[in-house]
Amino acid sequence: MFTGIVEELGEVTGVEETADGVRLRLRGPVVTADAAHGDSIAVSGVCLTVVDVEGDEFTVDVVRETLKRTSLDKAEPGRTVNLERAMAAGGRFGGHVMQGHVDGTGVFLHRDADDVTHFAFPPELGRYIVEKGSIAIDGVSLTVAGVSQEELTVALIPTTLSLTTLGRTEPGDLVNLEVDVLAKYVEKQAAAGLRALAVDNGGGKEDA
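This is the structure in structure tokens:
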């Protein structure tokens, strides 16, 4: 589990094609300080498993399914990424519940003079995005400032702009989106309840 509080800006230092996708090598002195084979690290919001650690660099394997669904398909040496280690049990919870399971990619549109930033999102995610709700953009825990049919806005503070990739994003760039997992569970439970209610009501009418 992650919380969306980025620990450091990392850098892609190598991309190697494999039979199942790519192996990425990334530099991150903070996250590699105690990293070991098998640990989970979120790379711009994508939960990946550490294959190897050497000095301040680590490697991860990214399968084609993940490449297809995330912006890591565009990874190349020199690219900057957000890095966060999995939350330790008993650690401080600063953001919101994140799994590192990307729901889709959005597009950075523009940032206005007040640093309110606009992103387009896939329409199928709209039902999970609400004003003042939580969303992760490239692994950064953020509060939705506003939302329309296919666009959301977030207000980014100077610290977020300087310490994450969101301060370096250009119009047209893809970003990874993870909606609030709690919204998914609520939807599933509510749908089950409505189906049960429909069955009960239907049965009552037939009995009558």
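Here the sequence shown is numbered in UniProt numbering, starting from 1 and rising by one per residue. Glycine included, C-beta positions come from ideal geometry on N, C-alpha and C. Treat the numbers as computed from the prediction; the structure is a model and nothing was measured.
- In the three-state scheme derived from DSSP, where H, G and I count as helix and E and B as strand, S148 is classed as coil.
- When rounded, the separation of the alpha-carbon atoms in A86 and I41 is 6 Å.
- The residue among I157, E17, F58, L125 with its C-alpha nearest the C-alpha of E151 is L125.
- Residues of the same chain with a CB within less than 6 Å of the CB of V30, apart from the 5 flanking positions on each side, are E7, E8 in chain order.
- Distance between K74 and K188, taken at the CA atoms: about 33 Å.
- For S162, the enclosing alpha helix (DSSP H) stretches over residues 158-163.
- In the DSSP assignment, R69 falls within the alpha helix (DSSP H) that extends over 64-69.
- Within the UniProt repeat "Lumazine-binding" (1-96), the runs of alpha helix (DSSP H) that reach at least 4 residues and sit entirely inside it are, in chain order, 64-69.
- L161 has its alpha-carbon roughly 8 Å from the corresponding atom of R168.
- For R111, the closest C-alpha among the options V62, E170, G133, L142 is that of E170.
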